[in-house]
Amino acid sequence: MKKVVYIFIVLFLSFPKLLSAQSIQSLVNQGLAKAYNMELESAEKIYNRIIDLYPEDPHGYYLIAQIYYWTYLGSKDKGEYQVFNKFAELAQEKIEKILDEDNKNVKILHLAGNLQLFRAMANAVNESSVDAFWSSKNAVSYLEKAIQLNPKFYDAYLGLGLFDYAMSFVPEFLKWAVKLTGLTSDKERGLRYIKTAFNKGTLETTEAAFHLSKIYTDYLADYDSAYYYIQSIIPRYPKNTLFLYQYAVSLIKGRELDKAIQPLNTVIRLNNKRFPQVTALAHYRKGEVYFKKNQFKSAIKEYEAFLDLYKDIDFTGIAAYNIAISNKILGNDDEYKKYLDLASDGNPDVYEDAYAMTKSEYFLKNDIDEIELQLVRIKNYIDYGRNRNAYDSLKVILPSIDNSDQKALALSYLSESAFHLNKYAESVQAAENVLTVKSKIEKWTIPFSYFLQAKANWKVGAKNEARDFLSRAESENKFEFQDYIQSLIENLKRKLKRA
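Note that numbering that gives the first Met the number 0 has the sequence shown beginning at 0, numbered continuously upward.
Okay, structure coming up:
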């Protein structure tokens, strides 16, 4: 379920049937301004005031539930989950009373759908998959009814869009649960719905912007679009460490490493105690930045801070592996062996950790040589946008490489760096040569080589050939880095559709 777990940040306003709706709306707006800026204690005080003034209105209970839903996802603290559950139940009671009297109240149906969305995600984090799917079904039912009653109630499209998109990534072993609940998925429709909420909604634009940035980063590899959406909300909520962290992730994946340091430093400086995992992850990303810049001492410091602070397993494998490699490059053999042992402790559902497990297992049995370490530096050159350095280095070491896995890596890196230097014919040739190498470990280079050929052909206007190579890339994409390579494939698919 980890692939479908998003941090859903849902915005809310008024209940129109109350005579005091405007007063509630004013208080809700004040509370949300605090909540979105991560001033959660101040927001909770405002929400408690709503409950005191309007005890039969669901919004105060709902919004407190929302706070504890966020903090539960950010900390995995069972105490936070219990408080979330308490206020979610209270909100549900008030919602049902209103819907019993007026089952066509679109805004309350929207509220009910969002509350079920919270339950779905909380259950997913608890690994209660079936409960998560049933809550998802209930959420979709409420939101679809709201849209049926008022197709121009654009805020309700956000939740439906998120479910559409997330359900596309349900693992095979859980497909039975999706079938049981009758949920469907359509990534294109999902993206369209989320954009509708962002462009036409009035209540959900902040959350829509966050999720669009995440989708464009993680699933479509369209980093310019990701920057646009996340930058539309950061100025309004400069203390929101989650938004700042997401911006940094987009910058890193977009190979804007130097720009990523500032938002990461801000996350660490703010050190929001309700979201300790975000602070820990900021150290991980700083380690990633320094590692990709071949600044290995600084990388070790940040990675170790991450491992000390983090309470989950995601990215711990790749952090340990990169610490090991950094120490090996720096000549610290004891530390290299220590962290190589720890590299298998990550989350196998996270592609970086899965790769770290594979590589660490190999190097625990086989000595790592200088060519392998050179290839690490060369890959870092590419990730830092130093393609000329990578290209020139590869031209020097390629003739001396005999190991098949190292050769596959070197040829893949040569193809990628040549592409970025506008050497498209050479890029294609190197990618073709990857397919002649029989890799044992680096099998991900097979779909990646097809992708690189597709991209080079697209660049020179050979669109049919590009589509053919892209189809091969997708059919072969079943090894390490599957999610990342698929995001590149999806990005090129979209470009070819527009061509």
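C-beta: ideal position from N, C-alpha, C; glycine also. For clarity, every value in this text was computed on a predicted model and none was experimentally measured.
For residue i, the nearest candidate out of the options (CA to CA)
| i | options | result |
| --- | --- | --- |
| residue 275 | 363, 29, 73, 131 | 73 |
| residue 155 | 195, 212, 119, 273 | 195 |
| residue 62 | 82, 75, 310, 76 | 82 |
| residue 48 | 35, 36, 28, 158 | 28 |
| residue 214 | 53, 355, 294, 490 | 490 |
| residue 138 | 307, 111, 150, 306 | 111 |
| residue 363 | 327, 460, 57 | 327 |
| residue 464 | 480, 427, 486, 481 | 427 |
| residue 55 | 42, 34, 84, 92 | 92 |
| residue 466 | 122, 492, 316 | 492 |
| residue 273 | 26, 30, 25, 40 | 40 |
7 Å Cβ cutoff met for residue i and residue j
| i | j | result |
| --- | --- | --- |
| residue 339 | residue 325 | no |
| residue 208 | residue 193 | no |
| residue 413 | residue 386 | no |
| residue 32 | residue 60 | no |
| residue 148 | residue 105 | yes |
| residue 323 | residue 288 | no |
| residue 374 | residue 408 | yes |
| residue 217 | residue 189 | no |
| residue 108 | residue 144 | yes |
| residue 261 | residue 212 | no |
| residue 285 | residue 303 | no |
| residue 281 | residue 290 | no |
| residue 498 | residue 462 | yes |
| residue 487 | residue 220 | yes |
| residue 350 | residue 152 | no |
| residue 205 | residue 232 | yes |
Nearest-angstrom beta carbon gap, residue j and residue i [assumed within contact, 8 Å]
| i | j | result |
| --- | --- | --- |
| residue 222 | residue 249 | 6 Å |
| residue 475 | residue 445 | 5 Å |
| residue 321 | residue 376 | Between residue 376 and residue 321 the Cβ distance is about 13 Å, and since that is not below 8 Å, they are no contact. |
| residue 455 | residue 423 | 4 Å |
| residue 312 | residue 346 | 5 Å |
| residue 161 | residue 200 | That belief does not hold up - the Cβ atoms of residue 161 and residue 200 are roughly 13 Å apart, past 8 Å. |
Unbroken alpha helix (DSSP H) run spanning residue i, endpoints
| i | result |
| --- | --- |
| residue 113 | 105–124 |
| residue 133 | 128–148 |
| residue 88 | 77–100 |
| residue 43 | 39–52 |
| residue 443 | First-last for residue 443: undefined, no H or E at that position. |
| residue 476 | No alpha helix (DSSP H) holds residue 476; DSSP gives it neither H nor E. |
| residue 326 | 315–328 |
| residue 291 | 275–291 |
| residue 461 | Run containing residue 461: none; DSSP gives neither H nor E here. |
| residue 294 | Run containing residue 294: none; DSSP gives neither H nor E here. |
| residue 411 | 403–419 |
| residue 426 | 423–433 |
| residue 186 | 186–199 |
| residue 204 | 204–217 |
| residue 377 | 369–382 |
| residue 393 | 386–396 |
| residue 255 | Here residue 255 belongs to no alpha helix (DSSP H), and DSSP marks it neither H nor E. |
| residue 343 | Premise fails: residue 343 is in no alpha helix (DSSP H) and is neither H nor E. |
Residues near residue i by beta carbon distance below 7 Å, same chain, minus five either side
| i | result |
| --- | --- |
| residue 415 | 381, 451 |
| residue 411 | 433, 444, 447, 448 |
| residue 88 | none |
| residue 257 | none |
| residue 499 | Outside the shown range of the chain, which is 0 to 498, sits residue 499, and nothing can be said about it. |
| residue 442 | 478 |
| residue 371 | 405 |
Chain-order list of residues whose beta-carbon lies under 8 Å from that of residue i (same chain, five-residue window excluded)
| i | result |
| --- | --- |
| residue 172 | Below a pLDDT of 50, predicted positions are generally treated as unreliable, and residue 172, at 43, falls in that range; the measurement from the model is reported next regardless. Same-chain partners within the cutoff: there are none. |
| residue 520 | This structure does not reach residue 520, given that the chain is present from 0 up to 498, and the question cannot be answered. |
| residue 310 | 74, 75, 275, 276, 279 |
Cutoff 6 Å; reference residue i; Cβ partners in own chain excluding five residues on either side
| i | result |
| --- | --- |
| residue 329 | 295 |
| residue 271 | 37, 240 |
| residue 436 | 403, 406, 407 |
| residue 388 | 380 |
| residue 10 | Here residue 10 scores only 30 on pLDDT, less than 50, and its place in the model should not be relied on; the value that follows carries that caveat. Same-chain partners within the cutoff: 202, 203, 205, 206. |
Min CB distance residue i to chain D below 7 Å
| i | result |
| --- | --- |
| residue 113 | Here chain D cannot be found, since the structure has a single protein chain. |
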